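Going by the UniProt record's numbering, the sequence shown opens with residue 1, and the numbers climb by one from there. Even glycine gets a Cβ: it sits at the ideal position worked out from N, Cα and C. All values reported here derive from a predicted model rather than from experimental measurement. To start, the structure under review is shown below, and the notes come after it.
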Amino acid sequence: MNSISFKYLRRECVYSRYCCVPFCKISSRFNSVISFHKLPLDRATRKMWLHNIRRKTFEVSPHVRVCSRHFTNDDFIEPSYPTARRLLKKGAVPTLFRWNNDSTSGQKRFRLWEKKASSSSDQEEELVPMDFQHEDHNYYCTSRVQNDEVVDPTDDLRNEVEVLKRKVAEFSVNQRFCLGRFAASDDDIRFYTRFATYNHLMAFWRIIQPASHNMFRVTRARADTTKCDVQATDKASVQFLLPIDEFFLFMVHLSVGLTKRDLAHRFNVHQSTVSQIISTWANFLYTILGSVHIWMSKEAVKAQMPKEFQDYPDTQVIIDCIELCCRIQSSDLFPDEGYDCTFKGLIGMAPHGAVTFVSSLYAGSVSDNEVLKKSGIVLYLKPEMAIMVNKDFLVDDSILCTVYRPAYPVKRELMEADEDVGKMGDTQSIAQLRVHIEHLICRVKQHKLLDSVMPFTSTRTINRLYIVACLFINYQDGPLLKRWT
C-alpha cells in the first residue's frame with residue numbers, strides 16, 4: 001500500500017496565520033495540514049520557547065503562533081478522529097529548526113508531507129549561528145494578493161474604522177443640541193444666536209474665550225436645599241457642557257426666549273444647571289462687554305458721520321427709551337393670575353449706527369425726561385455737541401448742548417405761516433434721521449426674551465440681560481443701512 005502523501009493545499013481564506021520562527025515561511029493560507037499553536041501561558045515554558053526560537057526580546061501578542069513543523073511527533077496528543085484539532089502535550093517545547101537541520105539528537109522528525117527535492121544550493125546552505133538575531137516583523141498582519149500586488153487587509157479595516165468613527169461622531173453631534181450641530185447653517189445660527197453667520201459668532205467667541213477661563217460661576221444661593229433636590233441634581237447633572245455650548249445655551253435663551261425647562265430638555269441637563277449657566281454668563285458678559293468704553297469722542301463721531309446728517313453735523317448721539325414687560329404671579333397656586341409691570345431704559349446710538357450708550361433699567365412709571373437725567377448721559381454731553389431726541393423729551397433746560405427734536409404740535413394755530421413751513425421741514429428731516437433709533441430698538445428686541453412678557457423669576461438678571469443684549473448689537477450684525485457701510 002502506498003504511503004499517504006500531503007501536498008500544499010491552497011486555502012481561500014483571506015486572512016492567514018504565520019509562524020513566528022525565523023526563516024519559517026509556513027502560512028495557513030497555503031497549508032491545510034499544518035497546525036499553529038499559541039505560546040504557553042506558563043512563564044518558564046514560554047521562556048524556553050522564546051529561547052529555542054531565538055526570540056529573547058520578542059514582544060508576545062495574542063496573534064503570535066508557532067507551526068507544528070518545529071515539534072516532534074511525541075509532542076502531540078494523537079487526535080481521536082482525523083478532523084480533530086491537534087493539541088500539544090503539557091511542557092512541549094519546539095526543537096526542530098533550520099539552524100539545527102530540522103533534527104535533534106536521537107529523535108527523528110515526523111514528516112507531514114513529501115518534501116520536494118532541494119537544490120544543491122539549498123543543501124550547501126550554511127547553518128545559522130547561535131547568536132543570530134532575526135529582525136522582527138508584524139506576524140499577525142496578513143496580506144492578500146490583488147492584481148499581482150500584495151495588499152494588506154488591515155488597511156481596509158483601518159479605513160472602515162475611520163469611516164465608522166466619523167459616522168458615530170456625526171450621529172452624536174446630530175443627536176445633541178449644541179453649537180456644532182448648527183455650524184453648517186448660517187440661517188440656524190442667526191435664528192438661535194442673532195449673529196449674522198457662524199464666522200461672526202466664532203470671531204466673537206475668540207475675543208471672550210481667554211477671559212472665560214477665569215469666569216466666576218454662580219452656584220445655588222439657598223443653603224437649605226432639600227435632600228430630594230440634591231439627589232435629583234446629582235443624578236441629572238452627570239453630563240456637563242463645554243464652555244462654548246454653555247455660551248450657546250445662554251444665546252438661545254436670550255435670542256429665542258426658550259424657558260429653562262425647555263433648555264434643560266434640549267441640552268440634557270438639570271433645570272437648576274440651566275439657571276446657573278444663564279446667571280453665570282449674564283454676569284460674565286455684563287462684565288466683559290461693560291468694560292469696553294463704547295462712548296465715542298466728538299472727533300471719532302465726526303469721522304464716521306454719514307452724509308445724511310450733513311444738515312446736523314454736530315449730532316453726537318440719537319437717544320430713545322425702550323420698555324420691557326414682566327409678569328408677576330399673584331400666587332403659586334394660581335400662576336395664570338397676576339399683573340404686569342414694565343421697565344424702562346435709555347439707549348443711545350451714534351449717527352453711523354453704533355451703540356454708544358446704554359443705561360440701567362428703571363420703573364416703567366418714570367418719565368422719559370427723568371430717565372434721561374438719571375441715566376448719566378448728561379455728564380458726557382458738552383455745549384458744542386448736539387443730541388437728537390423724540391418729541392417727548394423736553395429737556396432743553398436740563399442739558400447744555402443743542403437738542404434736535406421734531407416740532408411738538410402745541411398751539412399750532414398760533415404759528416405764523418412761514419414759521420410753520422420751516423418747522424415742518426425740520427420736523428420731517430429730523431424724523432427721518434431719528435427713525436434709525438427705532439430700528440436699533442427693533443434689533444434689540446429681536447432677542448425674543450426681551451420682546452415677550454418675562455416671568456418674575458427673570459427679573460433678578462433682567463438688567464444685565466438687557467444691557468448685554470444692547471451691547472451685542474455692535475458685534476452681531478452689520479450697519480443699519482448698507483449705504484452707511
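Secondary structure at His137, three-state DSSP: helix, strand or coil? Against the sequence shown, residue 137 aligns to sequence position 137. Only weak support is given to the placement of His137: the predicted model assigns it a pLDDT of 48, under 50, and the value that follows is read from those uncertain coordinates. Three-state result, His137: coil.
Since Gly348 sits in a beta bridge, which residues does DSSP pair it with? Translated into positions along the sequence shown, residue 348 becomes position 348. Gly348 pairs with Ile319 and Phe357.
Taking 8 angstroms as the threshold, find out whether the region 298-312 comes into contact with the region 348-361 through three or more Cβ pairs. yes
Unbroken alpha helix (DSSP H) runs of length 4 or more, entirely within the region 7-77: which are they? 43-52
For the alpha helix (DSSP H) that Ile377 lies in, which residues bound it at each end? If you number the sequence shown from 1, residue 377 lands on position 377. No alpha helix (DSSP H) holds Ile377; DSSP gives it neither H nor E.
If I follow the unbroken alpha helix (DSSP H) through Ala386, where does it start and stop? Taking the first residue of the sequence shown as 1, we reach residue 386 at position 386. Where Ala386 is concerned, there is no enclosing alpha helix (DSSP H), although the beta strand (DSSP E) it sits in stretches over Ala386 to Met388.
Should Trp281 and Phe250 be called a contact, given that it needs their Cβ atoms to be closer than 8 angstroms? Working through the sequence shown from its first residue, we reach residue 281 at position 281. Working through the sequence shown from its first residue, we reach residue 250 at position 250. Yes, the Cβ-Cβ distance between Trp281 and Phe250 is below 8 angstroms.
Comparing C-alpha positions only, which one of Arg98, Asp320 and Tyr380 sits nearest to Asn52? Working through the sequence shown from its first residue, we reach residue 52 at position 52. Closest by alpha carbon: Arg98.
Assuming contact is defined by CB atoms lying nearer than 8 angstroms, are residue 513 and Ile441 in contact in what I supplied? Since the first residue of the chain shown is 1 and the last is 485, residue 513 is not available in this structure.
Taking the continuous beta strand (DSSP E) assigned at Thr402, which residues delimit it? Along the sequence shown, read from residue 1 onward, the residue named residue 402 stands at position 402. Unbroken beta strand (DSSP E) run through Thr402: Thr402 to Tyr404.
Euclidean distance between Cα positions of Asp155 and Arg29: As a first step, residue 155 must be located in the sequence shown, where it is residue number 155. As a first step, residue 29 must be located in the sequence shown, where it is residue number 29. Roughly 19 angstroms between the two C-alpha positions.
Please state the DSSP three-state secondary structure of Arg327. The residue given as residue 327 occupies position 327 in the sequence shown. It is a strand residue.
Assign Asp224 to one of two classes, buried (16 or more other C-beta atoms within 10 Å of its C-beta) or exposed (fewer than that). Translated into the one-based positions of the sequence shown, residue 224 becomes position 224. Interpretation of Asp224 is limited by its pLDDT of 38, a score under 50 that renders its predicted location unreliable; no figure is taken from the coordinates.
Just verifying my parser: in three-state terms, what is the DSSP assignment at Leu465? Residue mapping note: residue 465 aligns to position 465 of the sequence shown, counting from 1. In the structure shown, Leu465 sits in a helix (DSSP, three-state: H, G or I).
Skipping 5 residues on each side, what residues in its chain have a beta carbon closer than 6 angstroms to that of Gln476? Counting from one through the sequence shown, the residue named residue 476 turns up at place 476. Taken in chain order, the residues that qualify are Arg194 and Phe195.
According to the neighbour-count rule (16 or more other Cβ atoms, all chains shown, within 10 Å of its Cβ), is Phe216 buried or exposed? The count along the sequence shown starts at 1 and reaches residue 216 at position 216. With fewer than 16 other Cβ atoms within 10 Å, it is exposed.
Out of Ser16, Arg327 and Asp42, which has the shortest C-alpha to C-alpha gap to Ser35? Here residue 35 corresponds to residue number 35 of the sequence shown, with the count starting at 1. Checked all of Ser16, Arg327 and Asp42; the closest Cα to Ser35 is Ser16.
Using the three-state DSSP reduction, which class does Ala431 fall into: helix, strand or coil? Here residue 431 is taken as the residue at index 431 of the sequence shown, counted from 1. Helix, per DSSP.
Where Tyr362 sits in the DSSP three-state scheme: Residue 362 sits at position 362 when you count from the first residue of the sequence shown. In this structure, Tyr362 counts as strand in the three-state DSSP scheme.
Enumerate in chain order the residues of its own chain whose CB-to-CB distance from Asp368 is below 7 angstroms, with the five nearest sequence positions on each side excluded. Reading the sequence shown from its first residue, position 368 is the one you call residue 368. Closer than 7 angstroms at Cβ, skipping near neighbours: Cys321, Asp392 and Phe393.
Quick check on DSSP: helix, strand or coil for Asp477? Numbered from its first residue, the sequence shown carries residue 477 at position 477. Three-state DSSP puts Asp477 in coil, outside helix and strand.
Using a Cβ-Cβ cutoff of less than 7 angstroms, which residues in the same chain neighbour Ile288 once the five nearest sequence positions on both sides are dropped? Taking the sequence shown and counting its residues from 1, the one referred to as residue 288 is at position 288. Only Ile208 and Ala211 meet the Cβ criterion.
Would Met454 and Cys326 be called neighbours here (beta carbons separated by less than 8 angstroms)? Numbered from 1 along the sequence shown, position 454 holds the residue referred to as residue 454. Numbered from 1 along the sequence shown, position 326 holds the residue referred to as residue 326. Yes, Cβ-Cβ distance for Met454 and Cys326 is below 8 angstroms.
Per the DSSP calculation, Thr342 is bridged to which residue(s)? Sequence index remark: in the sequence shown, residue 342 carries index 342 (1-based). DSSP lists Cys325 as partners of Thr342.
Determine, using beta carbons only, whether Phe58 and Ala92 come nearer to each other than 8 angstroms. In the sequence shown, counting from the first residue as 1, residue 58 sits at position 58. In the sequence shown, counting from the first residue as 1, residue 92 sits at position 92. No.
For Gln428, does the count of other Cβ atoms within 10 angstroms reach 16, so buried, or fall short, so exposed? Counting from 1 along the sequence shown, the entry for residue 428 is found at position 428. Classification of Gln428: exposed, given that the 10 Å Cβ count is below 16.
Secondary structure, beta strand (DSSP E): runs of 3+ residues fully inside the region 246-330: 315-329
Going by CA-CA distance only, name the one from Met388, Asp451 and Arg443 that's closest to Cys470. To locate residue 470, count along the sequence shown from 1; it is residue 470. Closest option to Cys470, Cα to Cα, is Arg443.
Beta carbon of Trp49, beta carbon of Leu39: below 8 angstroms? Numbered from 1 along the sequence shown, position 49 holds the residue referred to as residue 49. Numbered from 1 along the sequence shown, position 39 holds the residue referred to as residue 39. Yes, Cβ-Cβ distance for Trp49 and Leu39 is below 8 angstroms.
Are the beta-carbon atoms belonging to Asp188 and Thr197 less than 8 angstroms from one another? Indexing the sequence shown from 1 puts residue 188 at position 188. Indexing the sequence shown from 1 puts residue 197 at position 197. No. Outside cutoff.
So, using beta-carbon positions, are Lys307 and Glu323 closer together than 8 angstroms? Translated into positions along the sequence shown, residue 307 becomes position 307. Translated into positions along the sequence shown, residue 323 becomes position 323. No. Outside cutoff.
Which residues bound the alpha helix (DSSP H) around Met202? Position 202 of the sequence shown, counted from the start, is the residue given in the question as residue 202. That run of the alpha helix (DSSP H) goes Tyr198 to Ser212.
Taking the C-alpha atoms as reference points, what is the distance between Ile377 and Thr402? Indexing the sequence shown from 1 puts residue 377 at position 377. Indexing the sequence shown from 1 puts residue 402 at position 402. The alpha-carbon atoms of Ile377 and Thr402 are separated by roughly 14 angstroms.
How many whole angstroms separate the CB atoms of Thr356 and Ile294, which I take to be in contact at a CB cut-off of 8 angstroms? Taking the first residue of the sequence shown as position 1, residue 356 is located at position 356. Taking the first residue of the sequence shown as position 1, residue 294 is located at position 294. The pair is a contact, with the Cβ atoms about 5 angstroms apart (cut-off 8 angstroms).
Whole angstroms is fine: what's the gap from Thr95's alpha carbon to Asn101's? Against the sequence shown, residue 95 aligns to sequence position 95. Against the sequence shown, residue 101 aligns to sequence position 101. Taking the straight line from one Cα to the other gives about 10 angstroms.
Taking the straight line between their C-alpha atoms, what separation do you get for Leu88 and Ile77? Position 88 of the sequence shown, counted from the first residue, corresponds to residue 88. Position 77 of the sequence shown, counted from the first residue, corresponds to residue 77. Cα-Cα distance, rounded: 6 angstroms.
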